[in-house]
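In what follows, a structure is listed as structure tokens, so that the remarks can point back to it.
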Amino acid sequence: MNFFIEGLQGSGKSTLVKRMSDKHPEYKVFHEGDYSPTELAWCAYVSKDTYSSILKKYADIQNEIAIKSYEEDEHIIICYTQIITDIPGFHKYLEQYEIYNNRVSQEVFKNIILTRLANWNTDGNIFECSLFQNIVEDMILFQNASDAEIIAFYREIKKVLGRRDYHIVYLLSEDIRSNIDVIRKERSDDQGRETWFPLMLGYFNESPYAKKNGLSGEADMLKHFSHRQELELTICKEVFPGKYTILQSKGYKDADIL
35 MNFFIEGLQG SGKSTLVKRM SDKHPEYKVF HEGDYSPTEL AWCAYVSKDT YSSILKKYAD
95 IQNEIAIKSY EEDEHIIICY TQIITDIPGF HKYLEQYEIY NNRVSQEVFK NIILTRLANW
155 NTDGNIFECS LFQNIVEDMI LFQNASDAEI IAFYREIKKV LGRRDYHIVY LLSEDIRSNI
215 DVIRKERSDD QGRETWFPLM LGYFNESPYA KKNGLSGEAD MLKHFSHRQE LELTICKEVF
275 PGKYTILQSK GYKDADIL
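Structure below.
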């Protein structure tokens, strides 16, 4: 069995992944930014020619880049956020090669996701936010896709997953604001200055979806999160019946964990 741990930011996905991993150490865990067969968050996806140019541009850390690079068909995936370097602009430069935030066309975006999921051939995995969060956020905020279009895409995803054994564990956030407030405090520097929230708010405010609909600020972002959660639960019920479990965010017991 493979498990997809899903839910909004601050719902406790990382905590649940750790608890499940502790109970089942034989499972392989994939976090955001890891080289994963099902997700490309925080990873650059480049052609072999582009990869060669990156190695030339950053010749001083070629070995470090190579260690965090993986070949798939005619492409190279670079887990660039896991590369520690003080070279100015390195991470910003590699960011341009992610598949999210309108960096590739909608057709290419969908084809990459479907092709990788179809080629995925390992079992006994626990994936953290690898099925919903980044795909749904991108389709809403950057592709301006309707709920119906997003649900239709997940029907394609289910089709390529075929008979593979997988189960979605969704952490339901009943108090989204409180969960976000917890992250705001946790992801602050030593002086108490928030590091995550301003970036998240800017990400939302500058998205094509927010600009098209005249949205801005914390209240509108929280409404977006609420809508996204409702949509993801609808996807579970309509597209993946019998393949999901809903747990109350931070309100479940060990006995509730599969």
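Residue numbers (the working numbering): 35 to 292.
Virtual Cβ for every residue (Gly too), placed ideally from N, Cα, C.
Please read all numbers here as calculations on a predicted model, not as lab measurements.
At the level of alpha carbons, what is the spacing between residue i and residue j?
| i | j | result |
| --- | --- | --- |
| T115 | P122 | 14 Å |
| L89 | Y286 | 47 Å |
| F161 | W76 | 15 Å |
| E190 | G226 | 44 Å |
| G251 | Q96 | 41 Å |
| V245 | N135 | Note on residue identity: the sequence assigns Lys, not Val, to residue 245. Roughly 14 Å between the two C-alpha positions. |
| D68 | C163 | 12 Å |
Residues in the same chain with beta-carbon distance under 7 Å from residue i, minus the five sequence neighbours each way, listed in chain order, please.
| i | result |
| --- | --- |
| F274 | K192 and I202 |
| I210 | L42, L256, F259 and S260 |
| W154 | P71 and T72 |
Please classify residue i: is it buried, with 16 or more other beta-carbons within 10 angstroms of its beta-carbon, or exposed?
| i | result |
| --- | --- |
| V295 | Summary: the structure shown does not reach residue 295, with the chain confined to residues 35 through 292, and so no result is reported for it. |
| R262 | buried |
| N213 | buried |
| R197 | exposed |
| Q167 | buried |
| E220 | exposed |
| K47 | buried |
Would you call the CB atoms of residue i and residue j closer than 8 Å?
| i | j | result |
| --- | --- | --- |
| C113 | K126 | no |
| S283 | L165 | no |
| K277 | Y200 | yes |
| E98 | I111 | no |
| N159 | F64 | yes |
| L148 | V194 | yes |
Near residue i, which residues of its chain fall below 6 Å by C-beta distance, leaving aside the five closest residues on each side in sequence?
| i | result |
| --- | --- |
| L175 | S241 and Y243 |
| M173 | A179 and I184 |
| E129 | none |
| E228 | R218 and S222 |
Got a sec? Which residues, its chain only, sit under 8 Å from residue i by beta carbon, not counting five neighbours each side?
| i | result |
| --- | --- |
| D181 | L265 and T268 |
Any Cβ of chain C within less than 8 Å of the Cβ of residue i?
| i | result |
| --- | --- |
| Y79 | The question asks about chain C, but that chain is absent: this structure has only one protein chain. |
_Quick check on the DSSP output: what are the complete alpha helix (DSSP H) runs of length 4 or more inside the region 36-80, in order along the chain?_
47-57
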